[in-house]
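The structure appears below as structure tokens.
In my numbering, the protein residues as written are 1 to 413.
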């Protein structure tokens, strides 16, 4: 582009570029227009970007500054739209993508986190999902089934198998749903197994659920599907219901059931090893067992090509910087009444606690940060330039205590 020498030339930072500088020595530039990634250790490029981002410059500096900042990587930035050249009699206005940190929990002052919690308003609105596990299952005849399905239940919302029975009471369920009425939850996830009906009738359960204006998504194994649907259809009470039906190598049928057309049903298959993946169709959910590292390395680990082939917008990048979208706002409720931040191994409260309130659950999770704000810069990935471009920390990484399921070695970049 020919520039009129009579006007002032400016260097402008593209508002479409996400910038992450690590220890002033490594920079990631991610152009969301096209998903172009640049990793650089070039000191001149890093200093120029830092200068553009200072409050006094707001993404714009005079073109003449380029005389002091010449390098191959700066040439790349100019060529690929990271930094532009503009001419204008007045300084251009650039709206750089910068997070609003007024209500950032991490930015507390001398008064501690309590001062930040007072600014965020209603605590209940931060709960956007709830997984209620009504009961657990007991299978004394197949120890392998019990072991693998118990592991699966720590990573996916499918029924759990335990040594002893446990079940929420209808009173506990009522207390939970009453608490959820003031949250942002629209659909409650209910993890169901048939042994819950040994204690309460299906009519009692449906009758309680029908008193609330929620949709319900029921998670269960395929062998329980026909029983629960048949029982529900005999009751003259309408619910907004959908189902997620799980199968695995232990399921009694080789093919998925023909599902009742009155309900929306998703089918998912749990894979414990590579053979489970090879011989099954549909949505496959891997399960980390501790003995299937090779399967995860082949099918689950993030590759550099995955990042290069996936376009990520600025909202997602900044979200990865401040919270974990796999867990944020979600809670788990166990059959014994314990309440957890989704994906966490440590309980926060119990439904039977005197004065139980989900407000206290939210406050405690914001203070302790078990999973909701477990970002990659809180882990061994904190020095990797791809820390916010990679998918957020997963449940597999938490359950396996292996925080870095990828084939990216940032030391070689």
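For glycine and all other residues, C-beta sits at the position ideal for the given N, C-alpha and C. On a predicted model such as this, the values are computed, not experimentally measured, just so you know.
query                                                                                                                                                                  : result
State the CB to CB distance for the pair residue 385 and residue 410, rounded to an integer number of angstroms; the pair is presumed to be in contact (CB under 8 Å). : 6 Å
Three-state secondary structure (DSSP) at residue 8?                                                                                                                   : strand
Look up residue 18 in the DSSP assignment and say whether it is helix, strand or coil.                                                                                 : strand
Just mark residue 222 as buried or exposed, buried being the case when its beta carbon has 16 or more other beta carbons within 10 Å.                                  : buried
Between the beta-carbon of residue 137 and the beta-carbon of residue 184, is there less than 7 Å?                                                                     : no
Can you give the beta carbon distance from residue 191 to residue 151, rounded, assuming they're within the 8 Å contact cut?                                           : Not confirmed; about 15 Å, so no contact.
Note down the Cα distance separating residue 210 from residue 238, rounded to an integer number of angstroms.                                                          : 7 Å
Based on the DSSP output, what are the partners of residue 87 in its beta bridges?                                                                                     : 9
First and last residue of the beta strand (DSSP E) that includes residue 246?                                                                                          : 241-247
Taking just the CA atoms, how far does residue 332 sit from residue 366?                                                                                               : 16 Å
Note down, in chain order, each residue of its chain lying with its Cβ closer than 8 Å to the Cβ of residue 214, except the 5 sequence neighbours on either side.      : 177, 180, 185, 186, 187, 188 and 240
Quick check: the segment 195-211 against the segment 225-234, are at least 3 beta-carbon pairs closer than 8 Å?                                                        : yes
From what residue to what residue does the beta strand (DSSP E) around residue 187 run?                                                                                : 187-191
Cutting at 6 Å between CB atoms, please list the residues of its own chain near residue 328, excluding the five before and the five after it.                          : 372
In this structure, does DSSP put residue 302 in helix, strand or coil?                                                                                                 : strand
Under the rule that 16 or more other beta-carbon atoms within 10 Å means buried, what is residue 279, buried or exposed?                                               : exposed
Residues in the same chain with beta-carbon distance under 7 Å from residue 41, minus the five sequence neighbours each way, listed in chain order, please.            : 25 and 26
Only counting the same chain, and skipping five residues up and downstream in sequence, which positions put a Cβ closer than 6 Å to that of residue 110?               : Only weak support exists for where residue 110 lies, its pLDDT of 49 falling under 50; the value from the coordinates is given anyway. Taken in chain order, the list of residues that qualify is empty.
Determine, using beta carbons only, whether residue 69 and residue 44 come nearer to each other than 7 Å.                                                              : yes
Count the C-beta pairs between the segment 7-27 and the segment 349-368 that are closer than 8 Å, then say yes if the count reaches three, no if not.                  : no
Say whether the segment 164-173 touches the segment 334-341, bearing in mind that this needs 3 or more beta-carbon pairs closer than 8 Å, one atom from each stretch.  : yes
Hey, quick one: how far does the alpha helix (DSSP H) through residue 232 stretch, first residue to last?                                                              : 222-233
Between which two residues does the beta strand (DSSP E) harbouring residue 330 extend?                                                                                : 330-333
With respect to the beta strand (DSSP E) encompassing residue 133, which residues constitute its N-terminal and C-terminal limits?                                     : 129-133
Cα separation between residue 54 and residue 269?                                                                                                                      : 51 Å
I need the straight-line Cα distance from residue 399 to residue 378, nearest angstrom please.                                                                         : 16 Å
Thinking just about the alpha-carbon of each residue, which of 322, 360 and 161 is nearest to the one in residue 196?                                                  : 161
Tell me, to the nearest whole angstrom, how far the beta carbon of residue 76 is from that of residue 38; I am working on the premise that it is less than 8 Å.        : 6 Å
Report the residue ranges of all alpha helix (DSSP H) runs contained in full by the segment 193-222; include only those spanning at least 4 residues, in chain order.  : 202-209
Going by beta carbon distance, what residues of the same chain come within less than 8 Å of residue 255, once the five residues before and after it are set aside?     : Unreliable positioning characterises residue 255 in this predicted model, as indicated by a pLDDT of 49, which lies under 50. The coordinate reading is nonetheless provided below. If we look at residue 255 and ignore the five residues flanking it on each side, it has no Cβ neighbours.
Compare the C-alpha of residue 369 against each of 406, 387 and 324 and name the closest.                                                                              : 324
I believe residue 60 touches residue 14 by the beta-carbon criterion, under 8 Å. Please report the beta-carbon distance rounded to the nearest angstrom.               : With a Cβ gap of about 11 Å, residue 60 and residue 14 do not count as contacting.
Measuring CB to CB, does residue 32 end up less than 7 Å from residue 304?                                                                                             : no
Helix or strand or just coil, what does DSSP make of residue 160?                                                                                                      : coil
Looking at the unbroken alpha helix (DSSP H) that takes in residue 180, where does it start and where does it end?                                                     : 170-180
Give the secondary structure of residue 399 by DSSP, where H, G and I count as helix, E and B as strand, and everything else as coil.                                  : helix
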